[in-house]
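Start counting the sequence shown at 29; every next residue gets the next number (our numbering).
Worksheet: one structure, shown below.
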Amino acid sequence: MASRFALPHIEITRFKSQQDYSGVGGGGSSAVRIREEHGRRLQAELDAAFKLAEKLRPKDDRLSAPTTSIIEVELRRGADPETLDRKKADIRSSAAKANDRDDRTVAVFVPDGSKEVLAKILDDYLNGPLSEEGKNPPNKRMVEAIEAFRAARLETVWTDDPAALPTDPQHQMWWALWCWPEAETKIEEACERLKVRAANKDRRLYFPDVTVIPVLAPRAAIELTLFLTGAIAELRRATDNPTFFLDEVRGEQHPWSDDLAGRIQWPGKNAPAVCVFDTGVNRGHALIEPALAVADLHTLDADWGVDDQHEDGHGTSMAGMVLHGDLTAALGDASERQLKHRVESVKLLPPDGFDENEPASYGVLTQAAIALPEIAAPARPRVFCMAATNLDVSGATPSSWSAAIDQAASGSMIGDEENAPKRLIVVAAGNISAEIDAAKIQPQDTYPIEDPAQAWNALTIGGYTDLVDVRDKGYEDWSPMAVAGDLSPHSRTSETWPQGKAPFKPEVVMEAGNRAYNPKHTEALTFGSLSLLSTGSNTTRAPLVPFQATSAASAQGARLAARVAADHPEYWPETLRGLIVHSAEWTQPMLDAFDGTDGKKENYALVRRFGYGVPDYDRATASANNHLALFAQADIQPFKLDGQRKFNECHYYTLPIPADLLERLENETVALKITLSYFVEPNPGLSANVVPQRYQSYGLRFDLRRKGESLDTFKKRVNAAEREDPKKGPRVEADDNRWLLGPDSISAGSIHCDVWSGPAIELLGRDTLCIKPVNGWWRDRAGKEYVNKKARYALIVTLKAANVDVDLYTPIKTVVDIPAAEIETPI
């Protein structure tokens with residue numbers, strides 16, 4: 029089923045204008061039925077079932093009124109569970125169950141307009157002419173297979189262990205919603221309206237007739253979704269986890285791997301790649317070899333070899349994760365899968381018996397590793413991924429390693445030519461040691477993100493987790509350390525870093541697995557069922573292995589970037605990073621934490637824990653009617669040498685949001701999210717640890733026209749060059765209330781993101797955005813050749829309506845499609 033995020037993002041680069049800038053500070057029974065008795069009883073039961081189903085229908089303003097009734101049908105032993113199906117009338121059965129005697133029950137979904145179809149079947153059976161033999165009434169086989177009709181309950185569609193079905197309406201857990209394939213979007217929309225979370229597509233299963241969607245929700249929300257959408261065919265516990273493949277079929281892992289490999293459309297040799305810096309990769313794996321050429325295996329030292337000799341096979345697991353993500357769902361379904369990106373490997377970490385790389389040299393080694401695949405395949409687009417960190421070394425300030433990464437990302441490392449390509453580098457935030465003694469486990473915020481994950485230009489990935497079911501044999505009574513949607517126990521944070529001097533890290537979080545406590549909370553362990561599943565380096569004995577922590581999270585982040593790059597070869601690395609951050613949304617536990625803060629400074633701390641949330645492929649690569657992204661990719665010259673070193677220009681954007689659209693929406697809640705992504709050239713001198721503007725070559729900021737602010741006042745406020753007296757700016761009302769973070773949150777870093785939320789009508793007149801430079805070493809500390817350099821940035825602006833039925837896309841796209849000559853610019 030296609031995602032509702034199927035519309036192209038809208039480019040607004042042409043809505044930009046530039047201006048001089050100055051800084052501003054089976055078989056049935058043979059039992060004989062008595063026709064009249066059986067027919068009249070079923071008629072009465074069917075009528076009563078429909079009436080009771082209608083009476084019991086829940087009401088909720090968040091979901092549309094139902095158009096389908098669900099009834100429970102009891103069938104006699106061995107009867108065909110699909111006996112009542114009528115395709116033309118869209119009458120469908122599901123959730124078939126049988127007891128020990130093979131007596132069967134099914135849930136039958138009957139559209140309101142098709143009730144008469146079932147009524148007529150019973151009437152024909154009861155009153156229609158007998159067959160020519162004079163023995164059989166019409167519809168005999170179907171009707172006589174029916175024992176009873178009843179109004180359905182949630183229990184009707186529950187096909188898992190009855191004891192596992194929670195009775196408390198507020199009991200929250202992961203449910204497996206078995207849905208008809210065409211109902212996937214309807215489920216997603218219902219989840220969004222009810223503010224419960226459907227797992228992303230990588231954790232769903234796709235079969236010819238059903239799509240299985242894990243949803244984290246209380247029972248009450250599932251009941252609403254069931255009876256108001258008619259889209260859930262069957263309910264079970266969401267039990268997919270690596271334990272099945274690691275324990276139950278350990279001796280049969282190869283058939284599972286080979287089956288999946290046979291269902292994959294493998295990428296061509298020129299497809300974008302994720303280049304993994306790790307312990308090497310064992311290429312001879314069914315799920316790796318078709319996407320990893322021999323020529324794409326590299327090593328920093330020829331004596332090391334290119335294969336993965338590490339005890340835990342870390343590099344091979346990374347390779348599998350960047351190609352496929354968590355293999356748990358992919359191995360379990362039967363769908364064809366298309367892979368649009370490849371993997372490359374550079375062996376950065378030495379095998380046993382060789383000298384360990386000194387942390388001080390890793391900046392040089394990382395840049396050397398970057399050069400190897402670029403020399404071998406210079407035309408191939410790629411994303412670099414590294415999970416190695418400097419153990420227990422905080423990244424609160426720039427280091428030589430992090431600066432080397434920033435330099436490489438900006439295309440300014442040694443050997444790069446003028447205007448060298450920029451590079452997207454994905455790094456892990458670093459892990460907390462898996463302490464067994466629960467008494468020794470400290471709060472996660474006391475474990476700072478490790479060097480070099482503080483690199484400004486890198487996309488730093490932390491970990492959250494949705495894995496909360498401990499299913500390893502003998503440990504079923506253990507409880508997860510983190511609730512679903514919260515920070516993974518493996519992941520570090522930057523909460524202790526100095527605000528304003530250190531960038532917000534991580535930018536996003538991805539699945540990193542969980543850990544669990546014993547019943548007495550005295551011991552903590554890491555389990556396969558609380559981990560992801562990836563490729564193992566021992567391809568003979570264990571081709572599938574558990575994989576977790578921020579290594580797994582960073583690999584998934586690089587995979588996401590490569591997938592979006594494959595969809596959009598026109599996107600810059602800055603744009604890819606921006607879209608991934610921009611696509612992120614906080615889970616409910618994260619949102620609950622934000623709701624509990626007293627002010628913006630506390631919000632800063634939460635971003636340093638959760639980043640900007642969990643990114644999503646669908647949102648990163650496309651827009652939806654109620655959730656659209658406007659983007660621009662543009663060059664800017666921040667400074668100039670004109671007798672003296674000074675600022676050069678700023679950019680104004682007219683946002684193509686029609687006033688009449690906002691007026692129609694009036695008090696409808698909307699969110700305006702702005703992300704600005706660019707790469708700086710680093711200058712990691714001593715003062716850079718104290719003054720971020722000494723580290724960056726330049727910086728950029730965004731500023732949105734405020735409520736009630738005229739265009740002229742806005743321009744004078746943000747740009748001293750627009751004023752008669754540059755030192756005197758207009759006095760305007762502060763604009764912090766509806767921003768999550770506000771302008772004071774921005775100082776360090778090269779990606780900036782904030783969200784405005786409120787009634788749509790309050791965005792009226794706020795249609796102009798300014799991108800303006802701030803100081804950097806290009807202006808004040810560099811030679812003349814740097815002052816006039818150009819830089820580039822990606823701007824992403826999302827407008828999202830809470831109501832999924834609101835069409836924002838069409839009116840905005842209509843404005844964008846107006847010929848350029850007819851567009852009014854703010855200049």
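Virtual Cβ for every residue (Gly too), placed ideally from N, Cα, C.
- Beyond the five residues adjoining it in sequence on each side, Gly439 comes within less than 6 angstroms, by CB distance, of Ala448, Pro449 and Lys450 in the same chain, given in chain order.
- For the set Ser122, Thr95, Leu146 and Arg42, the Cα lying nearest the Cα of Gly67 is the one of Leu146.
- Burial is judged here by how many other beta carbons sit within 10 angstroms of a residue's own beta carbon; Lys375 has at least 16 and is buried.
- Classified as exposed, Gly296 has fewer than 16 neighbouring CB atoms from the shown chains inside 10 Å of its CB.
- With a beta-carbon spacing of about 26 angstroms, Cys207 and Ile174 fall beyond the 8 angstroms limit used to define contacts.
- Its chain contains Val783, Ser785 and Lys828 as the residues whose beta carbon lies nearer than 6 angstroms to that of Ala699, once the 5 sequence neighbours on both sides are disregarded; these appear in chain order.
- If you ignore the 5 residues before and after Asp663, its C-beta comes within less than 8 angstroms of the C-beta of Lys818, Ala819 and Arg820, all in its own chain and listed in chain order.
- In this structure Ala580 does not touch Ala621 by the C-beta definition: roughly 23 angstroms separates them, more than the 8 angstroms allowed.
- For secondary structure counted as the alpha helix (DSSP H) over 4 or more consecutive residues, the stretch 782-820 holds these complete runs in sequence order: 805-808 and 812-815.
- Under the DSSP assignment, Trp767 falls outside any beta strand (DSSP E); it carries neither an H nor an E label.
- By the neighbour-count criterion, in which a residue is buried when 16 or more other Cβ atoms sit within 10 angstroms of its Cβ, Phe382 is exposed.
- Under the three-pair Cβ rule at 8 angstroms, the stretch 737-757 does not count as touching the stretch 826-846.
- Annotation for Thr96: Phe137, Pro139 and Gly258 place their beta carbon closer than 6 angstroms to its own, counting only its chain and skipping 5 residues before and after.
- When DSSP states are grouped into helix, strand and coil, Gly585 belongs to the helix group.
- In the displayed model, Glu73 falls within a helix according to three-state DSSP.
- Per the Cβ contact rule, the stretch 355-365 is in contact with the stretch 222-236 (3 or more Cβ pairs under 8 angstroms).
- When Ile789, Lys629 and Asn676 are compared, the shortest CA-CA separation from Lys800 is found for Asn676.
- Taking C-beta atoms as the reference points, Gly423 and Ile477 count as a pair closer than 8 angstroms.
- Beta-carbon to beta-carbon, Glu696 and Leu792 are separated by about 13 angstroms, too far to satisfy the 8 angstroms threshold.
- Judged by DSSP in its simplified three-state form, Gln576 adopts coil rather than helix or strand.
- Considering only Glu110, Lys755 and Ala124, the residue with the shortest C-alpha distance to Asp118 is Glu110.
- By the criterion of at least three beta-carbon pairs nearer than 8 angstroms, the stretch 731-738 is not in contact with the stretch 803-817.
- Contact annotation: the stretch 580-590 touches the stretch 282-302, with at least three C-beta pairs closer than 8 angstroms.
- In the structure shown, Tyr723 falls within a helical segment according to DSSP collapsed to helix, strand and coil.
- The way I'd put it, the stretch 237-247 does touch the stretch 208-223; three or more beta-carbon pairs between them come closer than 8 angstroms.
- In this structure, DSSP gives Thr697 an extended state, which the three-state scheme calls strand.
- Cβ contact annotation for Glu737 (same chain, cutoff 7 angstroms, sequence separation greater than five): Val760, in chain order.
- Straight-line measurement puts the Cα of Val101 at about 10 angstroms from the Cα of Ala124.
- The three-state secondary structure of Gln46, taken from DSSP, is strand.
- Nearest C-alpha to Thr703 among Pro712, Phe659 and Gln665: Phe659.
- With fewer than 16 other Cβ atoms from the protein chains shown falling within 10 Å of its own Cβ, Ile846 counts as exposed.
- Just measuring C-alpha positions, the residue of His518, Gly513, Gln482 and Leu553 sitting nearest Asp505 is Leu553.
- Between the alpha carbons of Ser285 and Pro401 lies a distance of about 28 angstroms.
- With fewer than 16 other Cβ atoms from the protein chains shown falling within 10 Å of its own Cβ, Ile442 counts as exposed.
- With a contact defined as Cβ atoms closer than 8 angstroms, His518 and Gln584 miss out at about 14 angstroms.
- For Met538, the pairing in a beta bridge is given by DSSP as Gly491.
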